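First residue of the sequence shown: 28, per the numbering used here; consecutive thereafter. Inspection log for the structure reproduced underneath, given as structure tokens.
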Amino acid sequence: MLRDHCGVVGVAAESQVSNTIFNALRMLQHRGQESAGMAVHAHDTLIHKDMGLVHQVFNPTILEYLRGTVGIGHVRYSTTGGSSLENAQPIFVDTAEGQLALVHNGDLVNAQQLRDHYKTKGWAFTTTGDSEIIIRLLARYLADTHDMIRSIRTVMKEIKGSYSMVIMYNGKVYGVRDPYGIKPLVLGKIVDGHMVSSESVALDLLDGEVIRDVMPGEIVEVGAEIFKSSPGGAALSPAHCMFEWVYFARADSVLDTKLAYEVRRRIGKALARAAPVDADFVVPVPDSGRAHAIGYSYASGVPYAEGLMKNRYVDRTFIMPSQLSREMSIKLKLNPIRPVIEDKSIVLVDDSIVRGTTMRQIVQLLFKFGAKEVHIRVGSPPIIAPCYFGVDIKHRKYFIANGRSVEEIREILGATSLRYITVDELVEAIELPYDHLCLGCVTGEYPLPIPGEKTRFQARLDSFRQE
Ligand code: SF4
């Protein structure tokens with residue numbers, strides 16, 4: 028299963044915002060389950076953060092304590108910096124210019140260089156995350172400029188990578204999106220104020236409405252009554268992470284004007300057109316393959332059926348391989364529904380395959396339960412390269428598609444047939460131009476320079492240069 032980094036939210040309103048942020052974070056819980064946190068500003072900045080799910084971290088007493096009309100919130104899954112309370116967000120510093128708090132979704136690709144550089148200048152860091160680097164730089168430039176927008180701009184010139192972040196400074200909230208718009212960030216209106224959020228679903232819950240996406244490279248100052256936009260730097264060709272539509276975002280979220288559910292259905296339809304099967308049922312791998320499978324069924328006319336029952340109460344961290352057989356551990360998570368499987372030819376649909384271990388086990392299980400044929404259809408192209416922007420696909424050696432043909436992968440998985448969506452079909456399903464997407468992990472070409480990797484629009488690897 029792929030994991031994303033974080034979800035962020037920022038609110039400015041006429042009334043207290045802690046309940047609003049709490050509810051928004053609950054809607055963003057799928058983006059991170061390790062820690063949650065909130066900072067609000069009244070006369071002072073008040074913060075609460077802890078390890079756990081949103082409803083475990085906050086309770087009515089804490090929300091009552093967090094009284095303020097502006098605030099920011101965060102849910103976290105760590106891909107860099109480790110899983111510990113010290114890396115939970117918001118991160119906060121008290122400076123001569125005022126109080127600064129920050130939440131961040133993404134990964135900086137030059138974090139280590141910045142950290143090493145500033146250590147030689149005498150800086151000491153108390154966390155291992157990227158966000159501390161950003162807030163320390165902001166504090167430094169604020170001391171020089173006394174101007175938040177100018178300071179953010181200067182920081183944006185120095186940091187490279189993916190970042191959708193929300194900053195709270197002396198009672199003001201700023202939403203900032205990196206110049207490529209890799210991670211999502213949407214601006215919306217709520218009843219008595221404005222909100223920025225990783226996904227539009229947070230606005231749906233609050234009866235709010237989307238105003239628009241924060242543009243790549245844009246800084247938005249969010250006020251209760253108005254919002255102000257400022258350019259953060261040179262406009263670059265956008266590179267929205269394609270996996271937001273394929274898997275990460277909730278299906279009911281609209282990202283950069285495209286509803287994730289519809290994109291997933293279009294992917295399924297494209298797979299049905301490109302790789303039809305005379306099968307009895309289209310079966311999703313729950314929950315991630317569901318919308319893709321519905322699209323496949325719709326376009327092919329093959330009936331959709333739930334053939335695998337997901338156990339929602341099993342946390343993968345509590346499954347000890349030494350205590351369970353492989354088959355038991357997969358059945359604990361996904362148990363076949365026999366009448367849908369036995370003597371049937373199945374089209375099995377999932378969003379992606381990273382290592383292939385789980386998919387192989389599912390295929391074995393389906394055959395054990397009497398499936399005649401198992402045809403795998405996959406909603407993303409083969410993952411062949413790492414993500415440097417905050418998704419936990421880091422090492423080529425673990426990818427089943429690394430250096431293997433589709434036929435070799437099919438053989439390892441034990442499936443009757445295997446078809447991935449192609450890059451072109453995926454781009455068509457998202458309905459954005461190829462040049463507006465990050466496809467780094469499926470093409471090996473990244474939107475910004477990564478040492479040793481090919482950059483988008485770059486003809487040859489040896490022409491690499493660090494910006
Ligand atoms: S490399 Fe892949 S997972 Fe990472 S941002 Fe790009 S498309 Fe998304």
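All C-beta atoms, glycine included, are put in the ideal place defined by N, C-alpha and C. The structure presented is a predicted model; accordingly, all values stated were derived computationally and were not measured.
Around Asp231, the same chain offers Met54 and Asp279 as residues with beta carbons nearer than 8 Å, after the five sequence neighbours per side are excluded. Beta bridge pairing from DSSP links Asn362 with Met336. Contact fails between the region 293-312 and the region 253-264, because fewer than three Cβ pairs, one in each stretch, are under 8 Å apart. Residue pairing of Ser111 in beta bridges, as defined by DSSP: absent, with no partner found. Short of 8 Å from the beta carbon of Ile420, and not among the five residues preceding or following it, lie these beta carbons of its own chain, in chain order: Leu29, Val381, Ile410, Pro413, Cys414, Phe426 and Cys468. Looking at the backbone, the Cα of Val329 and that of Val84 are separated by about 45 Å.
With contacts defined by Cβ atoms closer than 7 Å, Ala266 and Ile209 form a contacting pair. Only residues of its own chain outside the window of five on either side were considered, and among them Gly108, Glu113, Asn114 and Ile118 have a CB closer than 8 Å to the CB of Thr154, listed in chain order. Between the ligand SF4 and Phe484, a heavy atom-to-CB distance of less than 6 Å is absent.
Excluding its 5 nearest sequence neighbours in each direction, Cys268 has C-beta neighbours in its own chain below 6 Å: Ile209 and Cys465, listed in chain order. In the three-state DSSP reduction, Ile420 falls in the coil class, being neither helix nor strand. Rounded to whole angstroms, the Cβ separation of Leu475 and Lys187 is 6 Å, and the two are in contact under 8 Å. The residues Val35, Ile99, His101, Gln116, Pro117 and Val193, in chain order, have a CB closer than 6 Å to that of Val130 in the same chain once the five nearest residues on each side in sequence are set aside. No residue range can be given for Thr153, since it is assigned to no alpha helix (DSSP H) and is classified by DSSP as neither H nor E. In the three-state reduction of the DSSP assignment, Cys465 falls in the strand class, which pools E and B. Runs of the alpha helix (DSSP H) lying entirely within the region 300-328 and spanning at least 4 residues, in chain order: 317-327.
With respect to the C-alpha of Asp171, the residue from Ala287, Glu124, Phe254 and Asp283 having the closest C-alpha is Glu124. Residue pairing for Pro258: DSSP places it in a beta bridge opposite Glu245. DSSP places Ser178 inside the alpha helix (DSSP H), whose first and last residues are Met175 to Glu185.
Here Thr482 has Glu472, Tyr473, Pro474, Leu475, Pro476 and Phe491 as same chain residues with Cβ atoms under 8 Å from its own Cβ, once five neighbours each way along the sequence are excluded. Taking 6 Å as the cut-off, one finds at least one heavy atom of the ligand SF4 near enough to the beta carbon of Phe416.
A distance of 7 Å or more separates the beta carbons of Ile160 and Leu127.
Taking a contact as a CB-CB distance under 8 Å, the pair Asn132 and His32 counts as one, their CB atoms being some 5 Å apart. Taking 6 Å as the cut-off, one finds at least one heavy atom of the ligand SF4 near enough to the beta carbon of Phe270. In the DSSP assignment, Met222 forms a beta bridge with Val38 and Gly215. Judged by the Cβ position, Cys465 qualifies as a neighbour of the ligand SF4 at the 6 Å threshold, a heavy atom of the ligand being closer than this. Here Ile389 really is in contact with Ile357; their C-beta atoms are around 7 Å apart, less than 8 Å. In this structure, the ligand SF4 has a non-hydrogen atom nearer than 6 Å to the beta-carbon of Cys468.
No Cβ-Cβ contact shorter than 7 Å links Val200 with Gly215. Looking only at Arg142, Gly156 and Asp157, the smallest Cα-Cα distance to Trp150 is reached by Arg142.
Residue state for Gly95 is assigned as coil, using DSSP reduced to three classes. By the 16-neighbour rule on beta-carbons within 10 angstroms, Ala301 is exposed. By the 16-neighbour rule on beta-carbons within 10 angstroms, Ser42 is exposed. Inclusion of Phe396 and Pro366 in the CB contact set at 7 Å is not warranted, their separation being larger than that value. Beta-bridge analysis with DSSP links Val193 to Val130 and Gly202. Under DSSP, the beta-bridge partners assigned to Phe119 are Ala128.
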